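Under the working numbering, think of the first position of the sequence shown as 5, with each following residue one higher.
Data block below; observations after.
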Amino acid sequence: MSPAELVNASPEYSAGSTLEAKGLTRRFGGLIAVNNVSFTVKKGEIFGLIGPNGAGKTTLFNLVTGLISPSSGQMLYRGTEVSRLRPHQVAAKGIARTFQNIRLFANLSALENVMIAQHLHSCSGVFKGVLGLPPAPQEERQIRQRSMELLALVGLSDRADEQAQNFAYGNQRRLEIARALALQPQVLLLDEPAAGMNPKEKHQLSDFIRQLRDQFNLTVLLIEHHVPLVMGLCDRIAVLDFGQLIALGEPAQVKTDPAVIEAYLGAE
Ligand SMILES: Nc1ncnc2c1ncn2[C@@H]1O[C@H](COP(=O)(O)OP(=O)(O)O)[C@@H](O)[C@H]1O
Ligand SMILES: [Mg+2]
């Protein structure tokens, strides 16, 4: 066990594990979108989630982030159940995400989009939250400054005042990452962050995700279809098919798994 893992070891959760799905199941009517899925994600890991369209990947993210509740089973974060909390409660615990269908405030500037996320975060203190108070001027300045730093981190500081809707797809995805980081998360969930990016941008994104993990000590969960990106970036990969976990392991293992090749990788 590394020193970092020792520090985080507590009786309630297995050493080093950050997220733990236990028999996680979600039905939509007769459809079982996520079917009895169990796995653990280790602290500091880049954990890939792949599988065909409709396999249940986004539903799994929605279960982790409180957008929907499980029909049965649990998702634990540091030993505590999060899958039945509200989205803002999950965010306050340090779990942030981006969306497959980008959810930015289209008419607001890049800077405003990031600042709003920080407002929500810094106003989540009990008293301020209850009273609905705006932040003090000094706090406002700090929020603006930190938002500009995050925009610089994702390469958008020179476009801080432009409306989000004017950004190309790749830049909107980068902006969503900046907004997620504004919540100062420990866990970052990225739902198809490379969608709509060209090959060069995909390559840069891969390096960037690794850089973020190292710089912010993040644990990253990544849904992504671009197989070379996933295989090159992830420490471990889980494969979903029709809601079921059909494989879990290191990229080299998963890549050669016959069930995975049949369900997803095909002749690639
Ligand atoms: N809110 C919902 N209501 C009904 N069916 C849903 C809902 N969300 C997802 N599904 C269904 O669950 C399955 C898994 O969807 P999804 O998690 O989006 O797959 P993926 O992200 O792997 O492409 C699909 O069949 C989808 O149509
Ligand atoms: Mg999806």
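For each residue, glycine too, the CB sits at the ideal point set by N, CA and C.
These figures come from a predicted structure and were not determined experimentally.
For residue 49 versus residue 223, is the C-beta spacing smaller than 8 Å?
-> Reading the sequence shown from its first residue, position 45 is the one you call residue 49. Reading the sequence shown from its first residue, position 219 is the one you call residue 223. Their beta carbons are under 8 Å apart, which means residue 49 touches residue 223 by this criterion.
Taking the alpha-carbon positions, what's the residue 151 to residue 209 distance?
-> By one-based count along the sequence shown, residue 151 stands at place 147. By one-based count along the sequence shown, residue 209 stands at place 205. Going from the Cα of residue 151 to the Cα of residue 209 covers about 20 Å.
Return the chain-ordered list of same chain residues with a C-beta closer than 6 Å to the C-beta of residue 36, the five sequence neighbours on each side being excluded.
-> Position 32 of the sequence shown, counted from the first residue, corresponds to residue 36. Excluding residues within five positions, the ones whose Cβ falls inside 6 Å are 247.
Any heavy atom of ligand 1 nearer than 6 Å to the CB - residues listed | 32, 35, 37, 55, 57, 58, 59, 60, 61, 62, 63
Residue 238 versus 253, 96, 245, 269, residue with shortest Cα-Cα distance | By one-based count along the sequence shown, residue 238 stands at place 234. Among 253, 96, 245, 269, the Cα nearest to that of residue 238 belongs to 253.
On a CA-only basis, which of 54, 93, 79 is nearest residue 243? Give me that one, please.
-> Start at 1 with the first residue of the sequence shown, and residue 243 comes out as number 239. The shortest Cα separation from residue 243 among 54, 93, 79 belongs to 54.
Between residue 107 and residue 140, what straight-line distance do the alpha-carbon atoms span, to the nearest angstrom?
-> One-based indexing of the sequence shown puts residue 107 at position 103. One-based indexing of the sequence shown puts residue 140 at position 136. Approximately 28 Å between the Cα atoms of the pair.
Inspect the beta-carbon positions of residue 104 and residue 70 and report whether they are closer than 8 Å.
-> Here residue 104 corresponds to residue number 100 of the sequence shown, with the count starting at 1. Here residue 70 corresponds to residue number 66 of the sequence shown, with the count starting at 1. No, these two residues do not count as a Cβ contact at 8 Å.
Once you ignore the five residues that flank residue 110 on each side, which residues in its own chain have a CB closer than 6 Å to its CB?
-> Here the question's residue 110 lines up with position 106 in the sequence shown. Hits under 6 Å: 168, 169.
Reducing DSSP to helix, strand and coil, say where residue 42 ends up.
-> What you label residue 42 is simply residue 38 of the sequence shown in a count that begins at 1. Residue 42 falls in the strand class under three-state DSSP.
Could you pull the start and end residues of the beta strand (DSSP E) that residue 298 belongs to?
-> Any answer about residue 298 is impossible in this case: the structure gives the chain only from 5 up to 272.
Inspect the beta-carbon positions of residue 251 and residue 56 and report whether they are closer than 8 Å.
-> Along the sequence shown, one-based indexing puts residue 251 at 247. Along the sequence shown, one-based indexing puts residue 56 at 52. No. Outside cutoff.
Of all the options 154, 34, 73, 213, which has the alpha carbon lying nearest to the alpha carbon of residue 236?
-> Indexing the sequence shown from 1 puts residue 236 at position 232. The shortest Cα separation from residue 236 among 154, 34, 73, 213 belongs to 213.
Give the range of the alpha helix (DSSP H) segment to which residue 173 is assigned.
-> In the sequence shown, the residue the question calls residue 173 occupies position 169. Residue 173 -> alpha helix (DSSP H) spans 173–185.
So what does DSSP say about residue 110, is it helix, strand or coil?
-> Taking the first residue of the sequence shown as position 1, residue 110 is located at position 106. Correct three-state label for residue 110: coil.
Nearest candidate by alpha-carbon position, reference residue 234, set 159, 153, 245, 196 | Taking the sequence shown and counting its residues from 1, the one referred to as residue 234 is at position 230. The shortest C-alpha separation from residue 234 is found at 196.
Straight-line CA distance for residue 255 to residue 240?
-> Position 251 of the sequence shown, counted from the start, is the residue given in the question as residue 255. Position 236 of the sequence shown, counted from the start, is the residue given in the question as residue 240. Their Cα atoms are separated by approximately 6 Å.
With DSSP run on the structure shown, which of helix, strand or coil describes residue 122?
-> Residue 122 sits at position 118 when you count from the first residue of the sequence shown. If DSSP states are grouped into helix, strand and coil, residue 122 belongs with the helices.
Residue 68 versus residue 77 - alpha carbon distance | Residue numbering aside, residue 68 sits at position 64 when the sequence shown is read from its first letter. Residue numbering aside, residue 77 sits at position 73 when the sequence shown is read from its first letter. Cα to Cα, the separation comes out at about 12 Å.
Apart from the five residues just before and just after residue 38, which ones in its own chain have a Cβ nearer than 7 Å to its Cβ?
-> On the sequence shown, position 34 is the one that residue 38 refers to. Same-chain partners within the cutoff: 28, 29, 30, 60, 63, 64, 67, 247.
Going by alpha carbons, who is nearest to residue 118 out of 84, 89, 156?
-> The sequence position of residue 118 within the sequence shown is 114, counting from 1. Closest by alpha carbon: 156.
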